[in-house]
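Student: Let me give you the structure first, and then I'll get to my questions.
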Amino acid sequence: MIGNISRTNNRAQVLDEATVTSFKEALRGELIRPDDRGYDEARQLYNGMIDRRPGLIARCVDAADVMAAVNFARDNHLLLAVRGGGHNGPGLGSCDDGLVIDLSPMKGIRVDPAAGTVRVEGGCTWGDVDHATHPFGLAVPTGFISTTGVGGLTLGGGLGYLTRRHGLTIDNLLAVDMVLADGRLVSASAEENEELFWAVRGGGGNFGVVTSFLFRGSPVSTVYGGPMFWEMAHAAEVMRFWRDLILTGPEELNGWFGFHTVPPVEMFPQEHHLKKMAVVTWCYTGDPDTAEAIFQPIREVAPAAMDFAGPIPFPALQSMFDGLYPPGLQWYWNADFFTELSDEAIDLHLNHASQLPTVHSTMHLYPINGAAHRVGQNETAWSYREANFAEVIVGVDPDPANNERMIQWAKAYWQALHPYSAGGAYVNMMMDEGQDRVKAAYRDNYARLAQVKARYDPHNLFRVNQNVRPG
Ligand SMILES: Cc1cc2nc3c(=O)[nH]c(=O)nc-3n(C[C@H](O)[C@H](O)[C@H](O)COP(=O)(O)OP(=O)(O)OC[C@H]3O[C@@H](n4cnc5c(N)ncnc54)[C@H](O)[C@@H]3O)c2cc1C
């Protein structure tokens with residue numbers, strides 16, 4: 019007997035050995051149990067603050083494995099979590115006691131250069147995708163750290179360096195294959211299972227397990243980008259300048275604004291080590307011959323302490339910060355969308371940013387306008403098409419002893435800015451904050467999501483996520 023393997027509907031579920039053995043035999047991939055070697059490694063998440071102990075981890079290698087695992091979880095009333103890249107802040111790629119469907123062995127990628135499309139299996143990271151598409155001069159709009167999973171990032175929306183030029187990741191999603199709660203594998207696209215396709219573009223992992231994604235690639239190869247750092251004395255004028263540029267500048271130009279402490283590592287001159295600074299990390303995808311002219315006014319706004327912007331292969335820009343943020347650090351974050359960034363709000367930012375509690379802690383504002391605004395508010399589940407900025411305030415540190423301090427800082431910073439926000443946040447940058455915050459993230463799209471949920475997952479099998487309750 020395997021004791022207390024899961025707890026669901028307030029019932030302790032005990033599975034007998036034969037049931038588990040026959041599930042194991044149905045899988046091509048590994049089934050990892052708490053006593054197995056490799057269990058501790060397999061259960062680790064990107065966020066070191068989250069410590070989950072699943073009863074079973076099914077390392078699925080294909081859609082058939084995923085179907086078997088979904089059926090097994092449903093039939094045995096197991097709590098079920100789905101893991102893509104394992105990067106989720108509150109650890110929603112895992113659970114205690116239940117079954118984790120770990121998609122990480124599903125790494126297949128097929129680029130079709132003639133059609134300009136990319137088929138990506140559910141266990142890929144964005145680094146895998148960049149590696150596969152770059153030789154063809156293509157890229158899929160994605161996030162800022164290459165170790166992030168394609169699955170979670172895409173299903174929540176996906177913002178990154180190419181958002182202003184080519185839209186959110188979901189705006190470049192053409193189709194998905196997914197396993198539903200009843201164990202069937204279906205495709206969803208603009209032509210097939212349209213409501214499901216509407217819901218997975220922003221509605222997270224609520225509707226099933228996506229085994230593969232079909233994306234449109236965009237012609238992106240070498241870009242002009244990288245970070246520029248300014249001393250805090252220039253932060254207010256740089257932030258105002260950046261705001262105006264993002265609101266009015268060409269869509270080929272993107273750049274996220276951040277407050278950072280300069281890490282004491284070799285790539286930065288020693289005199290800047292551990293100084294708090296304002297940073298914009300740029301990505302210009304326009305004609306390379308125009309780049310210097312585009313960047314001239316940026317370089318004139320205030321003297322930069324460090325300027326790393328220049329021609330760079332897109333995958334190199336995309337993975338530039340991977341080394342500074344390895345897996346296993348303690349993470350806590352709060353987020354909000356903003357339509358405006360008033361001078362008053364900028365003053366509040368400066369006040370809180372000057373107290374960054376640890377070297378890794380940061381605040382980022384990501385542009386979400388341009389091409390992302392050309393998709394209607396109700397065309398996908400992502401409802402904040404009028405918002406211009408996505409804010410995330412992040413306490414990060416290797417040492418759990420600093421958690422309390424950095425969580426307090428992040429909460430106070432978030433509370434100060436929240437009254438200026440559009441009301442809700444990007445689901446992929448929230449902690450586990452309750453139903454009201456999930457509803458605020460979707461606004462009037464929530465009711466439609468709840469209807470799709472009721473149709474495809476009426477018993478809420480897929481509930482380890484920013485959960486939409488069946489309506
Ligand atoms: C360092 C870091 C940088 C980040 N940068 C960005 C960024 O630039 N842009 C951005 O948009 N976001 C960014 N994020 C947020 C990121 O989008 C979320 O953390 C996202 O949840 C990660 O997806 P994952 O597959 O790695 O996570 P997981 O923890 O594996 O999963 C997250 C959620 O998605 C569900 N899920 C994952 N894959 C599937 C699937 N195939 N089918 C069904 N459900 C699935 C899971 O069940 C879970 O609920 C970043 C996060 C981190 C930690």
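The opening position of the sequence shown corresponds to residue 19 in my numbering, with each subsequent residue numbered one higher. Every residue, glycine too, gets a C-beta built ideally from N, C-alpha and C. Just so you know, these numbers come straight off a predicted model, no measurement behind them.
With Ala323 and Trp248 assumed to form a contact (beta carbons below 8 Å), what rounded beta-carbon distance in angstroms separates them?
Tutor: Position 305 of the sequence shown, counted from the first residue, corresponds to residue 323. Position 230 of the sequence shown, counted from the first residue, corresponds to residue 248. Right, their Cβ atoms sit about 6 Å apart.
Student: Can you pull the DSSP bridge partners for Asn272?
Tutor: What you label residue 272 is simply residue 254 of the sequence shown in a count that begins at 1. In DSSP, Asn272 forms a bridge with Cys301.
Student: What alpha helix (DSSP H) runs, 4 residues minimum, are completely inside the segment 243-291?
Tutor: Given a length threshold of 4 residues, each whole run of the alpha helix (DSSP H) inside the segment 243-291 is given here in chain order: 253-266.
Student: Considering only the alpha carbon of each residue, which of Met448, Ala458 and Gln426 lies closest to Ala440?
Tutor: One-based indexing of the sequence shown puts residue 440 at position 422. Measuring from the Cα of Ala440, the nearest candidate turns out to be Ala458.
Student: In terms of DSSP beta bridges, what is Thr308 paired with?
Tutor: The residue given as residue 308 occupies position 290 in the sequence shown. BP columns for Thr308 are empty, so no partner.
Student: With the cut-off set at 7 Å, would you say Glu362 and Ser230 are in Cβ contact?
Tutor: Position 344 of the sequence shown, counted from the start, is the residue given in the question as residue 362. Position 212 of the sequence shown, counted from the start, is the residue given in the question as residue 230. No, they are not a contact pair.
Student: Answer yes or no: do Phe496 and Gly223 have a C-beta to C-beta separation smaller than 7 Å?
Tutor: No answer is possible for residue 496: the residues shown for the chain start at 19 and end at 489.
Student: Find the nearest neighbour of Tyr57 within the set Ala251, Thr37, Arg46 and Ala76, judged by alpha-carbon distance.
Tutor: In the sequence shown, counting from the first residue as 1, residue 57 sits at position 39. Looking at the Cα atoms, Ala76 is the closest of the given residues.
Student: If you drop the 5 nearest sequence neighbours on each side, which residues of the same chain put their C-beta closer than 8 Å to that of Met449?
Tutor: Walking along the sequence shown from the start, residue 449 turns up at place 431. Same-chain partners within the cutoff: Gly107, Pro108, Tyr350, Trp351 and Asn352.
Student: Nearest-angstrom Cα distance between Ala390 and Phe355?
Tutor: Position 372 of the sequence shown, counting from 1, holds the residue named residue 390. Position 337 of the sequence shown, counting from 1, holds the residue named residue 355. The alpha-carbon atoms of Ala390 and Phe355 are separated by roughly 14 Å.
Student: Tell me whether Pro385 sits in a helix, a strand or coil according to DSSP, three-state version.
Tutor: Within the sequence shown, the letter at position 367 stands for residue 385. Three-state result, Pro385: strand.
Student: Return yes when the C-beta of Leu110 is under 6 Å from any heavy atom of ligand 1, and no when it is not.
Tutor: For the purposes of this step, residue 110 is identified with residue 92 of the sequence shown, where counting begins at 1. Flag set: Cβ of Leu110 near ligand 1.
Student: Within this structure, are the beta carbons of Gly104 and Leu63 separated by less than 7 Å?
Tutor: By one-based count along the sequence shown, residue 104 stands at place 86. By one-based count along the sequence shown, residue 63 stands at place 45. The beta carbons of Gly104 and Leu63 sit closer together than 7 Å.
Student: Go ahead and pull the three-state DSSP assignment for Asp200.
Tutor: If you number the sequence shown from 1, residue 200 lands on position 182. Residue state, collapsed to three classes: coil.
Student: Any heavy atom of ligand 1 inside 6 Å of the beta-carbon of Asn446?
Tutor: Counting from one through the sequence shown, the residue named residue 446 turns up at place 428. Yes, the beta carbon of Asn446 sits closer than 6 Å to at least one heavy atom of ligand 1.
Student: I'd like to confirm something about His105: is its beta-carbon nearer than 6 Å to some heavy atom of ligand 1, or not?
Tutor: The residue you call residue 105 lines up with position 87 of the sequence shown. Result yes, Cβ under 6 Å from ligand 1.
Student: Which of the three DSSP states, helix, strand or coil, is assigned to Arg317?
Tutor: Within the sequence shown, numbered from 1, the residue matching residue 317 stands at position 299. Assigned with DSSP and collapsed to three states, Arg317 falls in helix.
Student: Where does Leu180 sit, in a helix, a strand or coil, going by DSSP?
Tutor: Along the sequence shown, one-based indexing puts residue 180 at 162. The answer is coil: DSSP assigns Leu180 none of H, G, I, E or B.
Student: Figure out for me which residue from Val256, Pro331, Pro437 and Glu209 has the closest Cα to the Cα of Phe154.
Tutor: As a working note, residue 154 is residue 136 in the sequence shown. With distances taken between Cα atoms, Phe154 lies closest to Pro331.
Student: Which stretch, first to last residue, makes up the beta strand (DSSP E) that contains Asp69?
Tutor: Counting from one through the sequence shown, the residue named residue 69 turns up at place 51. Where Asp69 is concerned, there is no enclosing beta strand (DSSP E), given that its DSSP letter is neither H nor E.
Student: Using a Cβ-Cβ cut-off of 7 Å (strictly less than) and excluding sequence neighbours within five positions of Tyr474, which residues of its own chain qualify?
Tutor: Your numbering for residue 474 matches position 456 in the sequence shown. Leu198, Ala199, Leu214, Phe225 and Gly226.
Student: Where are the beta strand (DSSP E) runs, 3 residues long or more, that stay fully inside the segment 326-354, in chain order?
Tutor: 328-331
Student: Measure the Cβ-Cβ separation of Gly244 and Gly169 and say whether it is below 7 Å.
Tutor: Counting from 1 along the sequence shown, the entry for residue 244 is found at position 226. Counting from 1 along the sequence shown, the entry for residue 169 is found at position 151. Their beta carbons are not under 7 Å apart, which means Gly244 does not touch Gly169 by this criterion.
Student: Return yes when the C-beta of Ile119 is under 6 Å from any heavy atom of ligand 1, and no when it is not.
Tutor: The residue labelled residue 119 in the question sits at position 101 within the sequence shown. Outside the cutoff, so no.
Student: Which of the three DSSP states, helix, strand or coil, is assigned to Ser40?
Tutor: Stepping through the sequence shown from its first residue, residue 40 is reached at position 22. Reduced to three states, the DSSP call for Ser40 is helix.
Student: Beta-carbon separation of Ser164 and Ser372 under 7 Å?
Tutor: If you number the sequence shown from 1, residue 164 lands on position 146. If you number the sequence shown from 1, residue 372 lands on position 354. For Ser164 and Ser372, no; Cβs fall outside 7 Å.
Student: Let's test the definition: count the other Cβ atoms within 10 Å of the Cβ of Met285 and tell me whether it reaches 16, buried, or not, exposed.
Tutor: Counted from its first residue, the sequence shown places residue 285 at position 267. Met285 comes out exposed.
Student: Taking contact to mean at least 3 C-beta pairs separated by less than 8 Å, is the segment 276-283 in contact with the segment 370-388?
Tutor: yes
Student: Is any heavy atom of ligand 1 found at a distance shorter than 6 Å from the C-beta of Phe162?
Tutor: Against the sequence shown, residue 162 aligns to sequence position 144. With a cut-off of 6 Å, the C-beta of Phe162 is classified as near ligand 1, since at least one heavy atom of the ligand falls inside that distance.
Student: Hey, Leu110 and Val482: beta-carbon distance below 7 Å or not?
Tutor: Translated into positions along the sequence shown, residue 110 becomes position 92. Translated into positions along the sequence shown, residue 482 becomes position 464. Yes, Cβ-Cβ distance for Leu110 and Val482 is below 7 Å.
Student: I'd like the span of the beta strand (DSSP E) that includes Leu98, first residue to last.
Tutor: As a working mapping, residue 98 is identified with position 80 in the sequence shown. Here the beta strand (DSSP E) through Leu98 covers Leu98 to Arg101.
Student: Would the segment 314-321 count as touching the segment 395-406 if we require 3 or more Cβ pairs under 8 Å?
Tutor: no
Student: Kindly say whether Ala150, judged by its beta-carbon, lies nearer than 7 Å to any beta-carbon of chain B.
Tutor: Protein chain content of the structure displayed is limited to a single chain, and chain B is not contained in it.
Student: Taking just the CA atoms, how far does Asp130 sit from Val393?
Tutor: Locating residue 393 in the sequence shown gives position 375, counting from the first residue. Locating residue 130 in the sequence shown gives position 112, counting from the first residue. Roughly 25 Å separates the two Cα atoms.
Student: So Glu397 is in the alpha helix (DSSP H); what residue range does that whole segment cover?
Tutor: Here the question's residue 397 lines up with position 379 in the sequence shown. That residue, Glu397, is in no alpha helix (DSSP H); it is neither H nor E in DSSP.
Student: If I measure Cβ to Cβ from Ser122 and keep anything under 6 Å in the same chain, skipping five residues before and after, which residues do I get?
Tutor: Taking the first residue of the sequence shown as position 1, residue 122 is located at position 104. Cβ within range, chain order: Gly141.
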